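Here's the structure we're looking at; comments come further down.
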Amino acid sequence: MGINWDEIDNVMLDMDGTLLDLHFDNFFWLTYLPEHYAKKFPGQEEKARHWMSQQLKYRHGSLEWYCTDFWTKELDIEIIALKQEVSHLINERPHVMRFLKALAVAKKNRMLVTNAHPKSVELKFSKTQISPLLDSVITSHDYGHPKESQKFWHKFARDYQFDPKKTLFIDDSTSVLRAAREFGIKYILCIDSPDSMLQTKPCKEFPSISHFNEILNATGGLSNAQNTN
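This is how it looks when you write it as structure tokens:
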């Protein structure tokens, strides 16, 4: 994967599935939470799981889908407290720390741009070491629109005044990457193995990598910084 780092000032990074292993989120939303919710309805567990699955599908891609407060009210379950129960599954993806440190040495602006709710961001930061290695933390909840929406990108750009032509955006969601491309982000990169427990998912629409070591040796900028501690 070739990247000329001399042409890039800003590196925008998704959190779940990009910097952090998506296994935690997949396990929580697809297994742990549905099982916990189903227990509220003795004798109707399967019906409860189906209802919850339908609600998640219906909200997919909306800001509500990413909102822990919304699901706490909708399901009458304290989502963050339940996440704490399996928070040992929250982990950085391979080579993430080395990549973030290399970006700092190369004087690149490291921006976390996530759809995660601020409470989820706080939980993830408390369980990992990525927070000190980020220059900015942006959550779409502060703008009232998810990253899939152009309204988010225009509001975000007004606040941060970045040059899209000198920006690299990395995410594991094709729909989000499409929105970034539509807005005008010049450099787009897809993570094709966001969940360590699942097989690589092909990303035919965008250039892709599995892990950050694949671009640490790219042309210019980071090649001499990759061995930083």
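Using the numbering used here, you'd call the opening residue of the sequence shown number 25 and step up by one each time. The beta-carbon is built from N, C-alpha and C at its ideal position, and this holds for glycine as well. All values derive from a computational prediction rather than experimental measurement.
Under DSSP, serine 232 shares a beta bridge with Cys214.
Our two residues, glutamine 68 and histidine 74, have alpha carbons roughly 10 Å apart in a direct line.
By the Cβ test, the stretch 175-187 is not in contact with the stretch 140-155, since fewer than three Cβ pairs between them sit closer than 8 Å. The beta carbon of glycine 85 sits closer than 7 Å to those of Pro170, Glu172 and Ser199, all from its chain and outside the five residues before and after it, given in chain order.
Contact between the stretch 91-102 and the stretch 204-218 is absent: fewer than three C-beta pairs spanning the two stretches fall below 8 Å. By the C-beta criterion, the stretch 55-65 is judged not to be in contact with the stretch 223-232, since fewer than 3 inter-stretch pairs fall below 8 Å.
A Cβ-Cβ contact shorter than 7 Å links glutamate 116 with threonine 152. In the three-state reduction of the DSSP assignment, phenylalanine 149 falls in the helix class, which pools H, G and I.
Shown here for phenylalanine 48: same chain residues with a beta carbon closer than 6 Å to its own, the five before and five after excluded, namely Leu113 and Ile114 in chain order. Under the three-state reduction of DSSP, threonine 42 is assigned to coil, being neither helix nor strand.
Take the alpha-carbon of serine 220 and the one of aspartate 195: they are about 15 Å apart. Every unbroken stretch of the beta strand (DSSP E) spanning 3 or more residues and falling wholly within the stretch 68-152 is given here in chain order: 133-138. Annotated three-state conformation of serine 173 is coil, per DSSP. Nearest neighbour of alanine 140 by Cα position, chosen from Asn28, Thr163, Arg202 and Gln223, turns out to be Thr163. Residue state for phenylalanine 207 is assigned as helix, using DSSP reduced to three classes.
A contact is defined here as three or more CB-CB pairs under 8 Å, and the stretch 119-139 meets this definition with respect to the stretch 25-35.
In this structure, the beta-carbon distance from leucine 43 to valine 161 does not fall below 7 Å. Of the candidates Met39, Leu201 and Gly26, Met39 places its Cα closest to the Cα of isoleucine 154. Counting along the chain, the unbroken beta strand (DSSP E) around leucine 37 starts and ends at 34-37.
Apart from sequence neighbours up to five positions away, the residues of its chain that approach tyrosine 167 with a beta-carbon distance below 8 Å are Lys175, Phe176, Lys179 and Phe180, ordered along the chain.
The C-alpha of isoleucine 239 lies about 37 Å from the C-alpha of alanine 105.
Burial check for aspartate 30: the Cβ neighbour count within 10 Å stays below 16, so the residue is exposed. Comparing alpha carbon positions, the residue from Lys107, Pro188 and Gln185 closest to lysine 148 is Lys107.
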